[in-house]
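Trainee: Dropping the structure in here first, questions after.
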């Protein structure tokens, strides 16, 4: 089999080299390339590949069209909306992801965002750097708040568990029934938005969830409430969120994901909205989770080569 890795996995060359040697000892060829989003470059690198490995770099449909021998796409990421999954399914190309590698990393950042917004860390830091005080910016505890989890998958449930440890009441909105001791109530999206002090998004990006949080949904939230998005940028209308923040309809927001991968254009509305934390898609990226991700994605590959697919999409 010819196996190509189309972008780095955020781990050392030693880790990649160890797996490359194992694959070569098994009789396969392995080539690793630096990230390049240009479709023509991707086509040149993977034209005769049996397996494509990549993380969150978009894979153009034209790459699949050119890769006539392709049998398996191994995605070192949880979401797969950057992969032409429908075309892969039509052609019988197997797809696996690395679900679970960043559960703790994302959950920890969510809790950090909640506390930073509730305690006005950004504003008080600016005051301190300019010789000011906390006057007028004394914040609130996370303890005792009602947190609404939109999407109760592995990450959503982990955030719920951490919130319970802080003494929160946890509501959840999910398409399927949720049985988790950290979740106090499963409610409709409308009820969650109306009752929660903190709304945290953890749903995948699908045709059903695209734009699910827009102006109408934001208007249901309480004026003191905050919104956290570490899911996918497309589930949230950025312009609507920026407008709600400008008008004081909600108190604050933290976004780690956007409609496109950073870098963001300078006129992106959330770069200029008040009480907003923006980070360039860092939630999944810790040294520990990168190592775990690499192990999962290579385990996917070895399992598939051995005749049984794991972490199938």
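Residue numbers (our numbering): 221 to 533. Heads up, the beta-carbon is just placed ideally off N, CA and C, and yes, glycines get one too. Computed from a prediction, not measured in an experiment: that's the story for all the values here.
#1: Please classify residue 371: is it buried, with 16 or more other beta-carbons within 10 angstroms of its beta-carbon, or exposed?
#2: Quick check: what's the CA-CA separation for residue 271 versus residue 506?
#3: Taking all protein chains shown into account, decide if residue 522 is buried (16 or more other Cβ within 10 angstroms of its Cβ) or exposed.
#4: Indicate the three-state DSSP secondary structure (helix, strand or coil) for residue 294 in the structure shown.
#5: Between 524, 504, 528, which lies nearest to residue 275 when the distance is taken from Cα to Cα?
#6: Relative to the C-alpha of residue 437, which candidate in 424, 427, 455 has its C-alpha closest?
#7: Taking C-alpha atoms, which residue in 461, 307, 447, 313 lies nearest to residue 289?
#8: Using CA coordinates, which residue listed in 423, 488, 395 is at the minimum distance from residue 462?
#9: Residue 379: buried (16+ other C-beta within 10 angstroms of its C-beta) or exposed?
#10: Buried or exposed for residue 385, going by 16 or more other Cβ atoms inside 10 Å?
#11: Could you pull the start and end residues of the alpha helix (DSSP H) that residue 521 belongs to?
#12: Mind the definition here: the stretch 445 to 460 touches the stretch 319 to 336 only if three or more C-beta pairs lie below 8 Å; say whether that holds.
#13: If we ignore side chains and look at the alpha-carbon of each, how far apart do residue 344 and residue 259 end up?
#14: Compute the Euclidean distance between the alpha carbons of residue 431 and residue 250, then round it to the nearest angstrom.
#15: Which stretch, first to last residue, makes up the alpha helix (DSSP H) that contains residue 246?
#16: Please classify residue 304: is it buried, with 16 or more other beta-carbons within 10 angstroms of its beta-carbon, or exposed?
#17: In chain order, what residues of the same chain have a beta carbon less than 7 Å from the beta carbon of residue 283, not counting five sequence neighbours either side?
#18: Could you check where the alpha helix (DSSP H) with residue 378 kicks off and where it finishes?
#19: Who does residue 408 pair with in a DSSP beta bridge?
#20: Cβ of residue 532 within 7 Å of any heavy atom in the ligand PLP?
#21: With DSSP run on the structure shown, which of helix, strand or coil describes residue 341?
Mentor: In this structure, then:
#1: buried
#2: Near 26 Å, if we compare the C-alpha coordinates of residue 506 and residue 271.
#3: exposed
#4: strand
#5: Ranked by Cα distance from residue 275, the first of 524, 504, 528 is 504.
#6: For the residues 424, 427, 455, the minimum Cα distance to residue 437 belongs to 455.
#7: 313
#8: Looking from the CA of residue 462, the closest CA among 423, 488, 395 belongs to 488.
#9: buried
#10: exposed
#11: 507 to 525
#12: yes
#13: 45 Å
#14: 39 Å
#15: Element bounds for residue 246: n/a, residue is neither H nor E.
#16: Residue 304 is buried by the Cβ-count criterion.
#17: 259, 262, 263, 266
#18: 374 to 385
#19: DSSP, once it has assigned bridges, lists no residue as partnering residue 408.
#20: Summarising the ligand content, the structure contains no ligands, and the ligand PLP is consequently not present.
#21: helix
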